[in-house]
Ligand code: NI
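In the numbering used here, the protein residues as written are 251 to 507.
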């Protein structure tokens with residue numbers, strides 16, 4: 251397989267992978283062009299597991315952080331814990347962090363504080379961030395712009411083309427999941443048109459968001475080939491060139507060896 255690519259956002263800690271986690275990862279690395287994988291934490295235990303997975307497989311890296319939906323359910327010393335985990339040599343980013351106003355009962359103030367502390371930690375440690383935003387574009391852009399230019403990625407991008415441009419202005423990268431391949435992906439495709447090839451990354455957010463024709467199934471990093479086919483089509487380039495460009499971006503941004 252000559253095409254290889256990088257999954258910059260995955261959750262292989264998920265119980266969906268309990269039956270075959272390492273077998274699957276080793277197989278898709280060997281046979282399906284999956285060059286590197288970043289396993290992303292969403293609270294302290296899942297961040298810890300991400301680091302353990304990165305210790306076990308050389309092509310796996312970890313991101314550590316607290317997701318906005320978990321921000322009320324973390325220990326008092328959570329920031330020290332994130333800092334401690336981030337010191338590991340295979341931790342390549344702080345994430346996933348951000349804002350999520352999707353479900354009733356979210357705590358805006360608390361989400362903002364937890365987001366800000368982790369943005370500050372990332373700056374201090376000179377690590378990029380993996381940012382999750384749902385139904386909170388305006389507040390996220392306001393907070394991010396307080397920190398000037400930011401190394402990082404707006405993951406699972408679901409905003410408009412205009413929002414994409416604002417994210418790019420902050421110096422950030424953008425990545426899309428399998429959503430790109432869905433029949434109702436018009437908005438995502440419009441945003442993709444605006445993202446220059448040198449700011450684009452690939453990701454799955456697995457086990458969720460499997461692309462067509464696997465929609466609804468358990469997702470894994472090998473399915474990124476479907477996103478690359480769509481990127482190639484929209485950008486008018488070959489799948490090989492799409493894979494090469496997005497992989498180079500990931501290596502550069504996350505400092506992957
Ligand atoms: Ni995620």
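For glycine and all other residues, C-beta sits at the position ideal for the given N, C-alpha and C.
At least one heavy atom of the ligand NI lies closer than 7 Å to the C-beta of residue 455. For residue 312, the pairing in a beta bridge is given by DSSP as 289 and 341. By DSSP's assignment, residue 268 forms no beta bridge with any residue. Inside the region 340-382, DSSP marks whole alpha helix (DSSP H) runs of 4 or more residues at positions 358-375, from first to last along the chain. Secondary structure at residue 420: coil, using DSSP grouped into helix, strand and coil.
If you check the C-beta of residue 279 against the ligand NI, you find no heavy atom less than 7 Å away. Taking the C-beta atoms as reference points, residue 322 is found no nearer than 8 Å to residue 350.
Residue 272 counts as exposed, since fewer than 16 other C-beta atoms from the protein chains shown sit within 10 angstroms of its C-beta.
For the 8 Å CB-CB criterion, residue 379 and residue 372 form a contact. Residue 260: member of the beta strand (DSSP E) spanning 255-260, first to last residue. The distance from the Cβ of residue 398 to that of residue 423 is about 16 Å, inconsistent with a contact at the 8 Å cut-off. With fewer than 16 other CB atoms across the displayed protein chains lying within 10 angstroms of its CB, residue 352 is exposed.
Straight-line measurement puts the Cα of residue 498 at about 37 Å from the Cα of residue 325.
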